[in-house]
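Engineer: Under the numbering used here, the first residue of the sequence shown carries the number 587, and numbering increases by one thereafter.
We put the CB at the ideal spot given by N, CA and C, even for glycine.
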Amino acid sequence: MSRLAKLLVAWVIGLGVAYAILSILRHNHFQSGGFDLGIYDQAVWQYANFLNPYNTVKTSHILGDHLTLTLPLLAPLFWLWDDVRSLLIFQAFWLA
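(1) If you drop the 5 nearest sequence neighbours on each side, which residues of the same chain put their C-beta closer than 6 Å to that of D663?
(2) Using C-beta distances below 8 Å, list every residue in its chain close to D627, excluding the 5 sequence neighbours before and after it, in chain order.
(3) Taking contact to mean 3 or more Cβ pairs, one atom from each stretch, closer than 8 Å, check whether the segment 647-662 and the segment 615-633 are in contact.
(4) From I610, T642, A634, W680, pick the residue whose C-alpha is nearest to that of F621; which is it?
(5) Are the Cβ atoms of V598 and A682 separated by less than 8 Å?
(6) So, is S609 buried or exposed, given that buried needs 16 or more other C-beta atoms within 10 angstroms?
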């Protein structure tokens, strides 16, 4: 791998870590936008427990609003760490 590629990988990892830390700090200080985050947290938790992803906040099926195929893929993440902050960390590295 070239020097430029190594620098780019290090930069992306650094941005992901910084964004994850900022997201968790915002969440810990009640500034994370709990409504939408709660909808996704509940959906991933239900997928992780092999339940029908029914949303109690919006009183509809989670796929009735719009198709989000990444949520079932995040279910194993909740098997390891059942916390909404795992979604914030995933989001940080997905966007980095």
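Structural biologist: According to the data block:
(1) The displayed chain sequence assigns Leu, not Asp, to residue 663. Here the set comprises S672.
(2) V670, L673
(3) yes
(4) T642
(5) yes
(6) buried
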